[in-house]
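A short worksheet on the structure shown next.
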Amino acid sequence: MKEGLFIGQTAEITATVTSDMVAQFEGNVVHPAYSTVSMVYHMEWAARQIILPYLEDHEEGIGASVTVKHVAPTAVDTTITVKATVTALKNHLVITDVEARNEKGLIGKGEVTQAILPKEQIEERIEASLVSNA
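Numbering (my numbering), first residue to last: 2 to 135.
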């Protein structure tokens with residue numbers, strides 16, 4: 002990684018909740034509110050914004066862990082903001098606390114850990130995960 006990443010560094014994304022972001026399984030809507038799946042996506046995306054400027058050409062970030070607590074519902078057409086803050090840098094890991102908010106306040110919180118690895122190593126691991134038909 003390039004130098005300069007520091008504990009306390011933040012990144013933020015904003016999105017508007019759409020009908021494809023609601024809680025649903027196999028196309029059946031459970032309730033018309035922002036889903037935990039969509040929240041996790043946005044939390045990972047906010048955390049990724051932090052690492053992007055620091056990746057070397059031969060490196061990539063890959064998700065190592067996500068924990069999330071979804072604490073309040075959010076309706077379609079509501080704007081959400083997700084903020085990631087670096088809390089630790091351990092070897093090749095970048096650990097961030099994440100918070101999701103709507104206009105009324107906190108809707109989710111958690112932690113996203115990303116591993117920074119050589120692209121070649123990631124590709125080898127993906128290839129090794131394939132099931133052989135031989």
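Positions of the beta carbon are idealized from the N, C-alpha and C atoms, including for glycine.
This one's a predicted model, so the numbers in the text were calculated from it and none came from an experiment.
Use the C-beta contact count for residue i: other C-beta atoms within 10 angstroms, 16 or more gives buried, fewer gives exposed.
{"i": "H32", "result": "exposed"}
{"i": "R49", "result": "buried"}
{"i": "G109", "result": "buried"}
{"i": "H71", "result": "buried"}
{"i": "I117", "result": "buried"}
{"i": "T111", "result": "In the sequence as displayed, the identity of residue 111 is Gly instead of Thr. Classification for G111: buried."}
Distance, Cα to Cα, residue i vs residue j?
{"i": "S133", "j": "R126", "result": "14 Å"}
{"i": "I63", "j": "E104", "result": "31 Å"}
{"i": "I52", "j": "E121", "result": "18 Å"}
Counting only the same chain and skipping the five closest in sequence on each side, list residues whose C-beta sits under 6 Å from that of residue i.
{"i": "Y55", "result": "M2, K3, L6"}
{"i": "T19", "result": "none"}
{"i": "E27", "result": "none"}
Could you spell out the range, first to last residue, of the beta strand (DSSP E) harbouring residue i?
{"i": "H32", "result": "29-35"}
{"i": "I117", "result": "106-119"}
{"i": "A24", "result": "23-26"}
{"i": "A12", "result": "11-17"}
{"i": "V95", "result": "94-103"}
Give me the Cβ distance between residue i and residue j, rounded to the nearest whole Å; I'm assuming they're in contact under 8 Å.
{"i": "Y35", "j": "T75", "result": "4 Å"}
{"i": "V69", "j": "V41", "result": "6 Å"}
{"i": "A16", "j": "H43", "result": "6 Å"}
Is it the case that the CB of residue i approaches a heavy atom of the ligand GDP more closely than 7 Å?
{"i": "N103", "result": "Among the components of this structure there are no ligands whatsoever, and the ligand GDP is therefore not found."}
Kindly say whether residue i, judged by its beta-carbon, lies nearer than 8 Å to any beta-carbon of chain E.
{"i": "L53", "result": "In the structure shown, chain E cannot be found, because there is only a single protein chain."}
What does a CB cutoff of less than 8 Å around residue i pick up in its chain, not counting 5 residues either side in sequence?
{"i": "V87", "result": "L6, F7, I8, G9, Q10, T11, I51, V95, I96, T97"}
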